[in-house]
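Step one of this worksheet: look at the structure below.
There are 2 protein chains.
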Amino acid sequence: MNVIRKQYSISEYPTILKEFLKWLVLSLVIGALVGVASAALLASLNWSTNYREAHKVIIWLLPIGGLIVGLLYHYYGQSVAKGNNQLLEELNIPKDIIPFKMAPLIFIGTVVSHLFGASVGREGTAVQIGGAIADQFSGWLKMNKHDRRIIILMGISSGFAGLFGTPLAGAVFALEVLLIGKIKYNAILPCLLVAVVSNSVSREVAHYLHVPHTNYIVNLVPKLTLINFFWCVLAGIIFGIVSTFFSKGVHFFAQFSKHIKYPPLRPVVGGFAIAILVYFIGTKYIGLGIPTILESFTTSMNGYDFALKLILTTFCIAFGFKGGEVTPLFFIGATLGSAMAFFFPLPIGLLAGMGFVAVFSGATNTPIACTLMGIELFGMDSGVYIAIACVTAYVFSGHTGIYTSQIVGTSKT
Amino acid sequence: MNVIRKQYSISEYPTILKEFLKWLVLSLVIGALVGVASAALLASLNWSTNYREAHKVIIWLLPIGGLIVGLLYHYYGQSVAKGNNQLLEELNIPKDIIPFKMAPLIFIGTVVSHLFGASVGREGTAVQIGGAIADQFSGWLKMNKHDRRIIILMGISSGFAGLFGTPLAGAVFALEVLLIGKIKYNAILPCLLVAVVSNSVSREVAHYLHVPHTNYIVNLVPKLTLINFFWCVLAGIIFGIVSTFFSKGVHFFAQFSKHIKYPPLRPVVGGFAIAILVYFIGTKYIGLGIPTILESFTTSMNGYDFALKLILTTFCIAFGFKGGEVTPLFFIGATLGSAMAFFFPLPIGLLAGMGFVAVFSGATNTPIACTLMGIELFGMDSGVYIAIACVTAYVFSGHTGIYTSQIVGTSKT
């Protein structure tokens, strides 16, 4: 099926069908495994967040949590420490099978980071667990490079879809994330099928474990008049520019943390700084911050909320805490959008929803996945606003992002 | 803005903003013009369809209608006769500004084709009107090749969006249609903005002219169980294979019609054949067939409906009638899906909706645009079913389609 033909003849259909069945079976198996893992991650993060909220004093132990994560990766995880970027590098220049230990290490690292109150996300965890699980199959089945690429993309797709409950966004995210400004479709069907399976399994298991996926509601969407169109574009520009601050923030603090030569000490120092900061500003900006994200859809947030979350998260990531950037990006975008409702004549929920996905779009360069995610989470009514915000933010965020191993495929304009 | 940079610095933002404002203004102007033209097309087709239905005897004059279209293109339209393929060729290898007469010629050709009862679509018309209007600006503004490419894509996007009332699908269709299996994003923002403007303007004008866009309703969407997942994939495979018959049908009848050496005579002979056929089988399969499409969502169609429409449409297109293929593809997909409800344990409306967009996806190789269109028309509830059907149909339709000037960008698997 690697050969490009102008038209399939009848005689080719058996080969096509055989290939197709291979990917269908792999989608079911990988989707089921990653779906269960995603639900387990949701449950574990739910537990660690609840425990921390109930015992806030634990945040003083964040340096210890940092030391655990730091030592874990220093002694056992050198070969998987690059995380998401490692997946992207293997996709660009395939070398070695991703070690399976990437999955348990990132799982433990993320749960510990959240338990003690770092400000990090969780999609990096899901994507790395997905990638590590999926890539084992390419070893067992002795796959060639072409098939192995597809299977790593399936891991990314299923992890994203299972975690956020957004199968279409998961599939397109895997296709979009590798190259800035270009998609190739040769993995589109396996990525979609595995995302759908992972999402269904994850929802079933999460329901059983009483950790349902969060529902965000954008209940008021005005008609897209010319004035609203302009406000929507302007909002997209702001979301795009803020997303570049996030990328710059990670790079800035990463330079800073490298002054500490022994890597396991970095999260210790970082954890200490965060603990002191939390003592003064409270716990609003640590962890996933889902209650605040939800509140953004109905209540106007402060103009500085997004900035504090941005600083804390980029600091935590740069100092070695684990989890990812996406849920903090949701927080930053939703609180920023919510605060913009003070000046913008658009409903607060709509602005929060637009920011939620648009800052993510700018930071990861995945405008179509983010548009689909917005539609999957908030419904089609807000679809046009969401799309304008995501695509405008994508264009205004420059040719960089949080994934330094992303390659520029084509200019944005 | 053509230079690829890793990150925009502050000093670049004025340039970026200037470029952006250029495309914003062009989006407003082109979107407004194409939106009005799309609404005028909708109104004209509404009138010609109503007139034909009220005076069915006019179908006997289809050979005369064919002669009018044939002579029009033979004497005035040689330079624009390739239609959609001409737009794709200009995008691939830019040569000459599209003559503006492409717009009025395709408009008249389509209205005449529909008035006398050919089985054709209307999206080709909208896309060519959009392309012809937009490309005039690249002449007036003395644009370079890069910008001219963007502006032709804006024409396609705005025509599609204005006609079908689906801005997101319009924007992605323009990006997807050029290359099979690859998207480049450098025109994504202008394409989206112009589609949104065209859709809004078209809806306003169409409302004023009392020709609203059609509402299709998929009211029952079951949970995606494993069994439903398999049925959905199987449906997608069938939609994909049927879409290849459409492409093959056009090529087959085109060979056939070339035996008539004088081109204007082709639609005369074709029209005569159709008129006789309609005498025996009735008027169900001519024109756009929107009443039948709507009926497919609630009533089980005959197993042969899709096949007759497929034969009639490919015959009409090959013999030189004008309009396009997409609404007939909707007809074929919706009636086929509807008929499949006899065997498939999925709701009839859902199967009709899946077929509606999936056969289109297979025939045009635009799976993400078709998924977005399905979501825009039927809502997000059916989104996962729609996506699986569209992507599976895309993979099973081979590397060809109704646009012979489409280039294979990457293999489908």
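In order, the protein sequence lines correspond to chains F and A.
Counting in the working numbering, the first sequence runs from 128 upward without gaps.
Counting in the working numbering, the second sequence runs from 128 upward without gaps.
Here a beta-carbon is modelled for each residue, glycine too, at the ideal position from N, C-alpha and C.
Neighbour list for residue i in chain F, Cβ cutoff strictly below 8 Å
i	result
PHE264 of chain A	Per Cβ cutoff of 8 Å: no residues; PHE264 of chain A is ~17 Å from chain F at best.
ILE515 of chain A	LEU319, LEU320, VAL323
ILE502 of chain A	ILE502, MET507, GLY510
Residue environment, residue i, which counts as buried when at least 16 other CB atoms sit within 10 Å
i	result
LYS385 of chain A	exposed
ASP262 of chain F	buried
VAL152 of chain F	exposed
GLN205 of chain F	exposed
TYR202 of chain F	exposed
MET128 of chain F	At MET128 of chain F, the pLDDT of 32 sits below 50, so the modelled position is not reliable; the number obtained from the coordinates is stated separately. Under this definition MET128 of chain F is a buried residue.
ASN177 of chain A	exposed
ALA288 of chain A	buried
HIS182 of chain A	exposed
PHE372 of chain F	buried
SER138 of chain F	exposed
HIS337 of chain A	exposed
PHE357 of chain F	exposed
PRO394 of chain A	buried
PRO339 of chain F	exposed
ASN211 of chain A	buried
ASP274 of chain A	buried
LYS436 of chain F	buried
GLY376 of chain F	buried
LEU144 of chain A	exposed
LYS228 of chain A	exposed
LYS539 of chain A	buried
ASP223 of chain F	exposed
ILE408 of chain F	exposed
is_contact[residue i, chain F] using C-beta, thresh 8 Å
i	result
VAL511 of chain A	yes
VAL447 of chain A	In the sequence as presented, Val is not what sits at residue 447 of chain A; that position holds Gly. No, no contact with chain F.
SER327 of chain A	yes
ILE131 of chain A	Because the pLDDT of ILE131 of chain A is 37, which lies under 50, any placement of that residue in the model is unreliable, and the number read from its coordinates should be weighed accordingly. Judged by the 8 Å Cβ criterion, ILE131 of chain A is in contact with chain F.
VAL254 of chain A	no
LEU477 of chain A	no
ILE279 of chain A	no
THR519 of chain A	yes
VAL152 of chain A	no
Any chain A beta carbon closer than 8 Å to residue i
i	result
TYR343 of chain F	no
ILE529 of chain F	no
SER138 of chain F	no
LEU392 of chain F	no
PRO294 of chain F	yes
PHE356 of chain F	yes
VAL522 of chain F	yes
Proximal residues of chain A, C-beta to C-beta of residue i below 9 Å
i	result
PRO339 of chain F	Here the premise fails: no neighbours, minimum Cβ distance about 15 Å.
Proximal chain A residues relative to residue i, where beta-carbon distance stays under 8 Å
i	result
PRO494 of chain F	TYR312, ILE315
LEU351 of chain F	VAL323, SER327
VAL161 of chain F	Correct list: empty, because the minimum Cβ distance to chain A is about 16 Å.
Neighbouring residues, chain F, relative to residue i (Cβ below 7 Å)
i	result
GLY506 of chain A	MET507
Whole-Å CB distance - residue i paired with residue j, under 8 Å assumed
i	j	result
ALA468 of chain F	ILE475 of chain F	4 Å
PHE383 of chain F	ALA445 of chain F	7 Å
SER488 of chain F	SER427 of chain F	With 8 Å as the limit, SER488 of chain F and SER427 of chain F do not qualify as a contact, their Cβ atoms being about 23 Å apart.
GLY397 of chain A	GLY447 of chain A	7 Å
ALA514 of chain A	THR531 of chain A	At roughly 27 Å, the Cβ-Cβ gap does not stay under 8 Å, so ALA514 of chain A and THR531 of chain A are not in contact.
ILE307 of chain A	GLY536 of chain A	6 Å
ALA301 of chain F	SER284 of chain F	4 Å
Complete runs of the alpha helix (DSSP H) confined to the region 239 to 293 of chain A [at least 4 residues]: 250 to 267, 272 to 291
What are the start and end residues of each continuous alpha helix (DSSP H) run of 4 or more residues lying completely inside the region 308 to 396 of chain F, in chain order? 315 to 335, 353 to 384
What ranges does the alpha helix (DSSP H) occupy inside the region 385 to 456 of chain F, keeping only unbroken runs of at least 4 residues that lie completely in it? 392 to 408, 417 to 423, 432 to 445
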